[in-house]
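Accompanying notes for the structure given below.
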Amino acid sequence: MQIISDMRADTVTNIVKEQIDFQAEVTTDDSTSYNKLGEHVKSHDAQVVKPADLPKILPWVHIAIGKLKRLLLDTHHQLKKEYLQYYLNEFCYKFNRRYFGEKLFDRLVTVAVTYPTDFKSKIYNRTVCG
Numbered sequence: 037m038q039i040i041s042d043m044r045a046d047t048v049t050n051i052v053k054e055q056i057d058f059q060a061e062v063t064t065d066d067s068t069s070y071n072k073l074g075e076h077v078k079s080h081d082a083q084v085v086k087p088a089d090l091p092k093i094l095p096w097v098h099i100a101i102g103k104l105k106r107l108l109l110d111t112h113h114q115l116k117k118e119y120l121q122y123y124l125n126e127f128c129y130k131f132n133r134r135y136f137g138e139k140l141f142d143r144l145v146t147v148a149v150t151y152p153t154d155f156k157s158k159i160y161n162r163t164v165c166g
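Below, the structure written as structure tokens:
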């Protein structure tokens, strides 16, 4: 998941070109933001979805978004824009870690050792508190 500045078709298309394989089969809602996706993936299925059918069509999308909103509202009350991607990365890790099973500790150690953090620069270069 990645923070994007807006939902314009060009912005979304650029993200798709960078992040999604051209052989992917993509299902989205019928937003105009996704008009150009068919040119960059194997197939694009855009569906107009009635609110009552949302849990059936894209269930995990709505579950993930709901859980992310709860995390941001409950845990991180005052968000700063500069840290938003870090919060999103944390959410994705926590959301996906249930699939690690017995290898959870090994996976955590691997990530901790190999991750090139720039967090130090975010803390030590501050000129004011907060």
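Just so you know, this note's numbering puts 64 at position 28 of the sequence shown, and the rest follows in order with no gaps.
Note that CB positions come from ideal geometry on N, CA and C, so glycine has one too.
Per DSSP, the beta bridge partners of histidine 80 are Val62.
For glutamine 55, the enclosing alpha helix (DSSP H) stretches over residues 45-55. About 7 Å separates the CB atoms of threonine 63 and leucine 94; that is less than 8 Å, so the two are in contact.
Excluding five sequence positions before and after histidine 80, the CB atoms of its chain that fall closer than 6 Å to its own CB belong to Val62, Leu73 and Gly74, given in chain order. Every alpha helix (DSSP H) stretch that sits fully inside the stretch 87-143 and reaches 4 residues is listed by chain position as 90-93, 95-110 and 120-132.
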